[in-house]
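*Asks:* Handing you a structure now.
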Amino acid sequence: MGKVAVAFAAVAVVAACSVAAVMVGRRMKSRRKWRTVVEILKELEDDCDTPVGRLRQVVDAMAVEMHAGLASEGGSKLKMLLTFVDDLPTGREKGTYYALHLGGTYFRILRVLLGGQRSYLDVQDVERHPIPSHLMNSTSEVLFNFLAFSLERFIEKEENGSNSQGVRRELAFTFSFPVKHTSISSGVLIKWTKGFEISEMVGQDIAECLQGALNRRGLDMRVGVLVNDTVGALSLGYYHDPDTLVAVVFGTGSNACYLERTDAIIKCQGLLTTSGSMVVNMEWGNFWSSHLPRTAYDIDLDAESSNANDMGFEKMISGMYLGDIVRRVILRMSQESDIFGPISPVLSEPYVLRTNSVSAMHEDDTPELQEVSRILKDLGVSDVPVKVRKLVVKICDVVTRRAGRLAAAGIAGILKKIGRDGSGGITSGRSRSEIQMQKRTVVAVEGGLYMNYTMFREYMEEALVEILGEEVSQYVVVKAMEDGSSIGSALLVASLQA
Ligand code: BGC
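Sequential numbering of the sequence shown, starting at -4, is according to this note's numbering.
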């Protein structure tokens, strides 16, 4: 071989080596980046871990906090609010009633006709509208004028221009925020949650605000009850099945209420009711315990929220927040690796990823995860390989599994407090016949997260069985109450007329 040829060959070898080196380098770099992402995922899984032992600690903490909240005002982060609902609907209610429900994302209006028998419950035209976002930080007047206006339009449509009853209409107002009640039909707003921020309304009587707006529109209608959404769900549950003692909402926010013996409400000594019990609105969204598995994402989400240091449990388990936790994990992965391509500015927008998109990605059963790909595209992340889409599904799974399992622990905590969890049963050597004495308890559940997110529901129900054990869980029935918050409050206003 001539000198020139040797030189060429040498150059070619060097070139080939450097191309190979670049390729190997790239592959190694990409492997390193993939490893980074896998480590972030592993850390998330570890931090969100909820083995049954930890769930039991949460159960105990919930029961302890319930006691403390009932013992004294401010005795716990759980407010354990009186509702003045001491009798729940029986099925004998009659007449026509309206309900208006201001939730976290939607407001609903409906009319029910009751025939005096449990079987005759006709729910007419449930109207469900998203709450216009500008109302969430407007003024009290703007908000209530809007609600009164919507109600007026609904009535016109329903009654076709004539008040068929010829009597004053009775309205149940379901208000899904914490209220300190002074009676079943009045109470002041304690604080806003779920992103609402109309500060002038804190401390105002909510029923009066609505009544004022109805009067201003000349609507012949009386706000007969003011109830939390959980109380509405409990009422509908009880109407159908008197074993219903607990109601839980998993929606934009989360909360629970239950029927408590008045003598256990120590902070209100001398409280007398004919039934000997009262529904207590726990406001469990504010529950906190060091046993809750908290991640760096939860801490940042809380710090950047409009209600920092508040509603810690709600921020781990409810629809408003699950999407944002997932977004934060994806954002971090995209900052620390390039598996999502160039960092999308959309990913930095708080709450841009909604929980219904998380559910759609989590439950995507298309072969190439096309739904995941579509949603990522909306977040400014295009053309990621299936391997990366699978990773996103896994993030959704970890966050939702934790939420479902903690939700179950919350429910088991209430069952423990009211002696319906069979606790101490098997371990304290109770006999088989005593275990069989365990009473049936129905837990009414309402809210979009529970109704629409199958995986959340399944994780919750699975964990409840895990915590309670097969035997006891046979006595605990979880029942979905679609629109229960609104229908139930209409039943409640009806029961007061009986
Ligand atoms: C509110 C509760 C409500 C729950 C579910 C929470 O943010 O504080 O009053 O019941 O959301 O809607």
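Don't be surprised by glycine CBs; every beta carbon is placed ideally from N, CA and C.
With distances taken from CA atoms, which of R397, A485, G443 is nearest C43?
*Replies:* Measuring from the Cα of C43, the nearest candidate turns out to be R397.
*Asks:* With 16 as the cutoff for other CB atoms within 10 Å, does L267 come out buried or exposed?
*Replies:* By the 10 Å Cβ count, L267 comes out exposed.
*Asks:* Apart from the five residues just before and just after D295, which ones in its own chain have a Cβ nearer than 7 Å to its Cβ?
*Replies:* Excluding residues within five positions, the ones whose Cβ falls inside 7 Å are R323.
*Asks:* Which residue from D258, K389, A403 puts its Cα closest to that of L77?
*Replies:* It is D258 whose Cα lies nearest to the Cα of L77.
*Asks:* How would you label R384, buried or exposed, when you count the other beta carbons within 10 angstroms and need 16 or more for buried?
*Replies:* Burial call: buried.
*Asks:* Would you call the region 128 to 141 and the region 161 to 179 touching, i.e. three or more CB-CB distances under 8 Å?
*Replies:* No, the region 128 to 141 does not touch the region 161 to 179.
*Asks:* Is DSSP giving C263 helix, strand or coil here?
*Replies:* Of the three classes helix, strand and coil, the one that applies to C263 here is helix, per DSSP.
*Asks:* Looking at the ligand BGC, does it come within less than 7 Å of T268, judged from the CB to the closest heavy atom?
*Replies:* Answer for T268: no, Cβ out of range of the ligand BGC.
*Asks:* Identify the continuous alpha helix (DSSP H) that holds K89 and give its terminal residues.
*Replies:* K89 -> not in any alpha helix (DSSP H); beta strand (DSSP E) instead, spanning 89 to 97.
*Asks:* Is it true that the CB of F335 sits closer than 8 Å to the CB of V376?
*Replies:* A contact, by the Cβ cut-off of 8 Å.
*Asks:* Pair every Cβ in the region 175 to 188 with every Cβ in the region 101 to 116, then say whether three or more of these pairs are closer than 8 Å.
*Replies:* Contact between the region 175 to 188 and the region 101 to 116 is absent, because fewer than three Cβ pairs lie under 8 Å.
*Asks:* Relative to the alpha-carbon of A242, which residue among A228, E466, V220 has its alpha-carbon at the smallest distance?
*Replies:* Cα-wise, what sits closest to A242 is A228.
*Asks:* Which same chain residues, not among the five before or five after M455, have their C-beta less than 6 Å away from its C-beta?
*Replies:* Here the set comprises G399, A402, A403.
*Asks:* How big is the Cα-Cα spacing for W279 and F308?
*Replies:* Roughly 7 Å separates the two Cα atoms.
*Asks:* By the DSSP assignment, the beta strand (DSSP E) with D117 in it spans what residues?
*Replies:* Here the beta strand (DSSP E) through D117 covers 116 to 125.
*Asks:* Would you be able to state if there are at least three C-beta pairs under 8 Å between the region 276 to 290 and the region 197 to 216?
*Replies:* Flag = no, the region 197 to 216 and the region 276 to 290 do not touch.
*Asks:* In this structure, how does DSSP classify V440 when only helix, strand and coil are distinguished?
*Replies:* It is a strand residue.
*Asks:* Roughly how many angstroms lie between the CA atoms of H124 and G442, to the nearest whole one?
*Replies:* Using only the alpha carbons, I get a separation of about 15 Å.
*Asks:* Between T45 and P288, how many whole angstroms is the CB-CB distance? I'm expecting something under 8 Å.
*Replies:* That pair is a contact at about 6 Å.
*Asks:* Taking DSSP as the reference, what is the three-state secondary structure of K175?
*Replies:* Residue state, collapsed to three classes: strand.
*Asks:* Excluding the 5 residues preceding and the 5 following C204 in the sequence, name in chain order all residues of the same chain whose CB lies nearer than 6 Å to its CB.
*Replies:* Cβ neighbours of C204 beyond the five flanking positions: S135, F139.
*Asks:* Tell me whether M216 sits in a helix, a strand or coil according to DSSP, three-state version.
*Replies:* Strand, per DSSP.
*Asks:* Roughly how many angstroms separate the alpha carbons of Y445 and S249, rounded to a whole number?
*Replies:* Approximately 10 Å between the Cα atoms of the pair.
*Asks:* Does the Cβ of K189 lie closer than 7 Å to at least one heavy atom of the ligand BGC?
*Replies:* Yes, the beta carbon of K189 sits closer than 7 Å to at least one heavy atom of the ligand BGC.
*Asks:* Going by DSSP, what residue range makes up the alpha helix (DSSP H) through N210?
*Replies:* Residues 201 to 211.
*Asks:* Run through the DSSP bridge pairs and tell me what M328 is partnered with.
*Replies:* Answer by DSSP bridge pairing: none, since M328 is not bridged.
*Asks:* Expressed to the nearest angstrom, what Euclidean distance is found between the alpha-carbon atoms of S300 and N155?
*Replies:* Approximately 44 Å between the Cα atoms of the pair.
*Asks:* Answer with buried or exposed for F168, where buried requires no fewer than 16 other C-beta atoms within 10 angstroms of its C-beta.
*Replies:* F168 comes out buried.
*Asks:* Alpha carbon to alpha carbon, how far is S494 from P362?
*Replies:* Outside the displayed range of the chain (-4 to 493) lies residue 494, so it cannot be described from this structure.
*Asks:* Check whether the region 356 to 371 touches the region 72 to 89, taking contact to mean three or more Cβ pairs, one atom from each stretch, closer than 8 Å.
*Replies:* These segments do not touch.
*Asks:* Pop quiz: L317 and L342 are said to be a contact at Cβ under 8 Å. What is the actual Cβ separation, rounded to whole angstroms?
*Replies:* With 8 Å as the limit, L317 and L342 do not qualify as a contact, their Cβ atoms being about 16 Å apart.
*Asks:* State buried or exposed for S332, treating a residue as buried only when at least 16 other CB atoms are found within 10 Å of its CB.
*Replies:* So S332 ends up on the buried side.
*Asks:* Heavy atom of the ligand BGC less than 7 Å from the Cβ of F451, yes or no?
*Replies:* Incorrect: F451 has no Cβ contact closer than 7 Å to the ligand BGC.
*Asks:* Rounding to the nearest angstrom, what Cα-Cα distance links A143 and N132 in this structure?
*Replies:* Approximately 18 Å, taken between the alpha carbons.
*Asks:* I believe D120 touches L105 by the beta-carbon criterion, under 8 Å. Please report the beta-carbon distance rounded to the nearest angstrom.
*Replies:* Right, the Cβ-Cβ distance comes to about 7 Å (below 8 Å), so this counts as a contact.
*Asks:* Just verifying my parser: in three-state terms, what is the DSSP assignment at S484?
*Replies:* S484 falls in the helix class under three-state DSSP.
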